[in-house]
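Novice: The sequence shown begins at 0 in numbering that gives the first Met the number 0 and counts up one residue at a time. All C-beta atoms in this analysis are idealised placements derived from N, C-alpha and C, irrespective of residue type, glycine included. Since the model is a prediction, treat every value here as computed from it, not as a measurement.
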Amino acid sequence: MYGSKEERKKTQKQSTDILIIIVMANTLDDLLDGAKKKGSELWSNIKSSGKDKLKLGIQKLNDALPDIEKAGFVLVRLDVDIALLPRLFARFKQVHEISSEEKEAILTKTKKNKFLNFILIGLFKAVEIKGEVKIDSMNLEEIELEIGLTPSAKIIFRREERLKLME
0 MYGSKEERKK TQKQSTDILI IIVMANTLDD LLDGAKKKGS ELWSNIKSSG
50 KDKLKLGIQK LNDALPDIEK AGFVLVRLDV DIALLPRLFA RFKQVHEISS
100 EEKEAILTKT KKNKFLNFIL IGLFKAVEIK GEVKIDSMNL EEIELEIGLT
150 PSAKIIFRRE ERLKLME
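1) When the Cα of Ala104 is compared with those of Ala82, Gly147 and Asn116, which residue comes out closest?
2) With the cut-off set at 7 Å, would you say Phe156 and Leu139 are in Cβ contact?
3) Comparing C-alpha positions only, which one of Thr107, Asp66, Lys54 and Phe91 sits nearest to Ile81?
4) Pick from Leu83, Ser98, Leu30 and Gly56: whose alpha carbon is nearest that of Glu145?
5) Quick one: what's Glu145 bridged to in DSSP?
6) So, do the segment 93-111 and the segment 147-155 have three or more beta carbon pairs nearer to each other than 8 Å?
7) Using the three-state DSSP reduction, which class does Ile96 fall into: helix, strand or coil?
8) Is it true that the CB of Glu141 sits closer than 7 Å to the CB of Lys92?
9) Is Glu27 buried or exposed, if buried means 16 or more other CB atoms sit within 10 Å of its CB?
10) Whose CA, out of Gly147, Asp135 and Asp16, lies closest to the CA of Arg158?
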């Protein structure tokens, strides 16, 4: 009626194996759901932290503008790179030169503000390089500072004729 003893054992073993597989699948689903939740929380924290760092960087830059202008530069463009590691790309133009003594005084005054000090040092070094590098018919027009995990400075030269065409 129910088959032989061996068939019943085999059926019972198969049923047990199926139950084990179901329990394992449910456990894996629970683990996966937990991992997804943790991953989502982590990503949310990273995004929030990145957004906070961007806002802080923009605020610091905004606060630094009066000292940057005293140093002879104006902010002409700001690009914001929204990514896992956010960055600011601040473009400056030199509007007037200052003496070496004035540079030293500004750097001394801003020494405790590492953010502002980094910007000023980058701008001053770019102007020094401008004096050392001559590119036929090209002038230093802008200095772009990348403010992020790995800060850098870019010196942008342009031809005078091209500038007139762009106006």
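Specialist: Let me spell this out:
1) Looking up residue 104 in the sequence shown gives position 105. Out of Ala82, Gly147 and Asn116, Asn116 has the C-alpha closest to the C-alpha of Ala104.
2) As a first step, residue 156 is located in the sequence shown; it is residue number 157 there, counting from the start. As a first step, residue 139 is located in the sequence shown; it is residue number 140 there, counting from the start. The answer is yes: Cβ separation under 7 Å.
3) Taking the sequence shown and counting its residues from 1, the one referred to as residue 81 is at position 82. Closest by alpha carbon: Lys54.
4) What you label residue 145 is simply residue 146 of the sequence shown in a count that begins at 1. Residue Gly56 is the option with its Cα nearest to Glu145.
5) Start at 1 with the first residue of the sequence shown, and residue 145 comes out as number 146. DSSP output for Glu145 lists Phe88 and Ser151 as bridge partner(s).
6) no
7) As a position in the sequence shown, residue 96 is number 97, starting the count at 1. The amino acid occupying residue 96 in the given sequence is Glu; Ile does not appear at that position. In the structure shown, Glu96 sits in coil (DSSP, three-state: anything other than H, G, I, E or B).
8) Your numbering for residue 92 matches position 93 in the sequence shown. Your numbering for residue 141 matches position 142 in the sequence shown. A contact, by the Cβ cut-off of 7 Å.
9) As a first step, residue 27 is located in the sequence shown; it is residue number 28 there, counting from the start. Residue identity check: residue 27 is Leu in the sequence provided, not Glu. It counts as exposed.
10) The residue labelled residue 158 in the question sits at position 159 within the sequence shown. Measuring from the Cα of Arg158, the nearest candidate turns out to be Asp135.
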